[in-house]
Amino acid sequence: MEIGEQKNLATFYIAIILYEASSDAPDYTPLYQESFVLLQAHSAEEARQKAFLHAQHEQISYPNEYNEQISWSFKQIIDVSPVLSETFNDGSELYARHFRDYQAYRLFEPLLSGNISSA
Numbered sequence: 353m354e355i356g357e358q359k360n361l362a363t364f365y366i367a368i369i370l371y372e373a374s375s376d377a378p379d380y381t382p383l384y385q386e387s388f389v390l391l392q393a394h395s396a397e398e399a400r401q402k403a404f405l406h407a408q409h410e411q412i413s414y415p416n417e418y419n420e421q422i423s424w425s426f427k428q429i430i431d432v433s434p435v436l437s438e439t440f441n442d443g444s445e446l447y448a449r450h451f452r453d454y455q456a457y458r459l460f461e462p463l464l465s466g467n468i469s470s471a
């Protein structure tokens, strides 16, 4: 394959999209969700546009079991990055990010903090 042909190939990207849940319940505490979405695009800009459209379509409102209105809204695109591995196999690394403050991460990440609750 020649170099000029490679520009026409779509690449896989990972988009990290942040959503926020809100409610009309008086004691509701906002809940946030990070969604990792696999997209195929010809450029990072196209992938970002596709991530934005995806996020817009994922917004939803519904009544919960107590008839309180729950609304999930798009908050922000956190990152759009090409996948790290060119092949999808058992153990393929798709995305990585770095941080310096483990305590802040521990407070942020409900699976580490033991603070898991549903919307």
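Residue numbers for the sequence shown follow my numbering, so the first one is 353 and each next one is one higher.
Just so it is clear, CB atoms sit at the ideal spot from N, CA and C, and this is done for glycine as well.
As the structure is a prediction and not an experimental result, all values here were calculated from the model.
In the DSSP annotation of this structure, the continuous segment of the alpha helix (DSSP H) that includes E397 starts and ends at 396 to 409. One alpha carbon belongs to H406, the other to Y365, and they sit about 13 Å apart. With a 10 Å radius around the Cβ and a threshold of 16 neighbouring Cβ atoms, Y457 comes out exposed. With contacts defined by Cβ atoms closer than 8 Å, Y371 and E410 form a contacting pair.
According to the DSSP assignment, L361 belongs to no beta strand (DSSP E), since it is labelled neither H nor E.
Taking every protein chain shown into account, the CB of L464 has fewer than 16 other CB atoms within 10 angstroms, so this residue is exposed.
Pairing A399 with V432 gives a Cβ-Cβ distance under 8 Å. Shown here, F440 sits in coil according to DSSP, grouped into three states, outside any helix or strand. Straight through space, the alpha carbons of Q392 and A403 are spaced by roughly 10 Å.
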